[in-house]
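A quick write-up on the structure given underneath.
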Amino acid sequence: MSEYLPVQQKRYAARPKAGTTDAAEQRYWAKFKSPVLVKEYASISHIEFSRSKPFDFAVTSSTRVQIYSCATQAVRKTMSRFKDVAYSGSFRADGKMMVAGDAQGSVQIFDLASRAILRTFTGHKDAVRVASFSPLLTQVLSASDDKTVRIWDLPSEQAVFTFTDHQDHVRSALFSPENPNLIISGSYDHTVKLWDTRSPNPCIATMHHGAPVESVLFLPGSALIASAGSNNIKLWNTLSGCSHETTLANHTKSITTMCLDGSGRRLLSGGLDNQVKIYNLQDYKVAHSIKYPGPILSMAVSPDDTHLVVGMASGLLSIRRRVVKTEDVVKARKRIEAARAGARGGTFMHFKRGQSHQAEADDLKVEEHRKKKMKEYDLLLRKFEFGKALDSVLGTNQMAVVVVSLLEELIHRGGLVIALGGRDDVALVDITNFIHANIVHPRYTDLLVHVAEVILDMYAPVIGQSVLIDELFLKLRTKVQVELSMQQELTRTMGLLESIMLASQKLI
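First residue of the sequence shown: 29, per our numbering; consecutive thereafter.
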């Protein structure tokens, strides 16, 4: 005997709403309040947070790199020993050094404690727009307007790799966080290239973005690459030969910068349309947007997700701080400490362990199927008691969609006539009142008209014998006549409007 399948509730397309962003995301980003605005001398080309506490951030503008304190939003240090415009001031992972390029083609390494210049690399022939440290700490990546990407070795002060496959300015490049042998770079020649320093031919893949590439990014796990150019972001899958995965086109002007939040669950993009878009990496939909007073050139989020810093072409620096309650911080700290210490067996914490764990993207998830308790009408349908099943939904103030779903199921089973048959005038009240209340609803009209016709065919011989039945049918007829009159008036109005529109077009 085949297993009984419960009645499937009908689903209708949701009506468009004014605010389609997720409520939880809106609440989260609404906590980034009271932006501190700082005016720099020139446009802000790069912002980066240190990955070591207290998570200070570097702001590159004009001929200097300034280091701001996360706690006070004030300048702590200034690196100004540049002969020309500075670019891409970046921290080393341990927070002890900084690297930056300049418009003359040099790359300089600074000691953050003394601000002394430790190394200067001068192999590039044009402005160095990108400079960053390798996860190995002893190598530096640089990308230049001379169309090359270089990797420098700190101990030997030599370029150990030089990549020359790009045909135009290279404006973005970075190491893979998971594998320091992999590098991606984006160029104004409309391409994104993936490099592997272990390969005899280092360029192992070329992706065609279709516009000058302003920013590239490895998404968590390095399986996906994001490239930004023109007003769209394209995602590329490295596990399937760097094939095109999807395109995000939510900006109205060119995108200039991208970054991830501290948790790696959100992708942020900023552009010349003065907008910061926040994408959920689960479904790649825009979860939130923030409007700024000028075109955006750079952006960064602190590793602890408490600060959002945005730099604009006008030289305006916006620092937003997320308001976090002390009790929330204490609870989070206790959870972390308990997780590290481990819970003793038999305790409540031991019983609760692992419930808040979030699965990784590559984890194998074991699906849990809980047997759902069947509804009363499902139990009655299973016994082929169609009339009682219909009465069970009509007499319990169920939502209209549930009643409509059951009526449709009865039609599919050939049980509608059985369910409606053998009723007296009192038993017809509920179904007739339901039809009267919902027959003009556009989603239910076709089905309820059919049900009404079945009822009229079945009980036409008894019309005039029961005052109650006569009143019910008269109410239904009046409702249908009013709706038909309204539809006729709407049709006439639409015709008049169409005539007016055609006449206005001829005049133009």
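C-beta atoms are modelled at their ideal positions from N, C-alpha and C, and glycine is treated no differently.
With 16 other Cβ atoms within 10 Å as the buried cut-off, status of residue i
{"i": "residue 427", "result": "exposed"}
{"i": "residue 500", "result": "buried"}
{"i": "residue 528", "result": "exposed"}
{"i": "residue 88", "result": "buried"}
{"i": "residue 328", "result": "buried"}
{"i": "residue 103", "result": "exposed"}
{"i": "residue 146", "result": "exposed"}
{"i": "residue 412", "result": "exposed"}
{"i": "residue 51", "result": "exposed"}
{"i": "residue 226", "result": "exposed"}
{"i": "residue 435", "result": "buried"}
{"i": "residue 170", "result": "buried"}
{"i": "residue 472", "result": "buried"}
6 Å Cβ shell around residue i - same chain, five flanking residues per side excluded
{"i": "residue 453", "result": "494, 496, 497"}
{"i": "residue 49", "result": "At residue 49 the pLDDT is 47, less than 50, meaning the model places this residue with poor confidence; the figure from the coordinates comes in the next sentence. Excluding sequence neighbours, residue 49 sits near 315, 316."}
{"i": "residue 46", "result": "Any reading at residue 46 must be qualified, since the residue scores a pLDDT of 47, below 50, and its modelled position is unreliable; no value is offered."}
{"i": "residue 93", "result": "86, 107, 114, 117, 128"}
{"i": "residue 174", "result": "152, 153, 154"}
{"i": "residue 187", "result": "151, 178, 180"}
For residue j and residue i, the rounded distance between their alpha carbons
{"i": "residue 510", "j": "residue 441", "result": "33 Å"}
{"i": "residue 180", "j": "residue 79", "result": "22 Å"}
{"i": "residue 502", "j": "residue 491", "result": "11 Å"}
{"i": "residue 276", "j": "residue 302", "result": "17 Å"}
{"i": "residue 209", "j": "residue 433", "result": "58 Å"}
{"i": "residue 71", "j": "residue 257", "result": "20 Å"}
{"i": "residue 120", "j": "residue 319", "result": "31 Å"}
{"i": "residue 253", "j": "residue 273", "result": "9 Å"}
{"i": "residue 425", "j": "residue 344", "result": "59 Å"}
{"i": "residue 238", "j": "residue 259", "result": "11 Å"}
{"i": "residue 414", "j": "residue 404", "result": "12 Å"}
{"i": "residue 285", "j": "residue 164", "result": "25 Å"}
{"i": "residue 450", "j": "residue 487", "result": "10 Å"}
{"i": "residue 84", "j": "residue 105", "result": "10 Å"}
For residue i, the nearest candidate out of the options (CA to CA)
{"i": "residue 479", "options": "101, 518, 462, 506", "result": "462"}
{"i": "residue 21", "options": "487, 58, 295", "result": "The requested residue 21 is not part of the displayed model; the chain covers only 29 to 536."}
{"i": "residue 73", "options": "161, 337, 191", "result": "337"}
{"i": "residue 421", "options": "401, 458, 446, 411", "result": "458"}
{"i": "residue 281", "options": "288, 270, 274, 297", "result": "297"}
{"i": "residue 350", "options": "293, 63, 35", "result": "63"}
{"i": "residue 144", "options": "162, 161, 125, 340", "result": "125"}
{"i": "residue 438", "options": "289, 148, 451, 416", "result": "416"}
{"i": "residue 76", "options": "287, 141, 122", "result": "287"}
{"i": "residue 321", "options": "196, 110, 342", "result": "342"}
{"i": "residue 456", "options": "323, 419, 162", "result": "419"}
Residues near residue i by beta carbon distance below 8 Å, same chain, minus five either side
{"i": "residue 230", "result": "189, 191, 223, 224"}
{"i": "residue 241", "result": "199, 200, 214, 215, 216, 218, 219, 220, 255, 256, 257"}
{"i": "residue 291", "result": "333"}
{"i": "residue 34", "result": "400, 402, 403, 406"}
{"i": "residue 82", "result": "97, 98, 99"}
Neighbourhood of residue i by C-beta, 7 Å cutoff - its chain only, sequence neighbours within 5 removed
{"i": "residue 37", "result": "429, 430, 433"}
**Study point:** Any 3 or more C-beta pairs closer than 8 Å across the stretch 129-137 and the stretch 99-115
**Key:** Segments in contact, yes.
Review point. Just checking, does the stretch 156-173 make contact with the stretch 135-147 on the three C-beta pairs under 8 Å criterion?
Key: Yes, the stretch 156-173 is in contact with the stretch 135-147.
Practice item. Count the C-beta pairs between the stretch 244-264 and the stretch 213-224 that are closer than 8 Å, then say yes if the count reaches three, no if not. Key: Counting C-beta pairs closer than 8 Å gives three or more between the stretch 244-264 and the stretch 213-224, which meets the contact rule.
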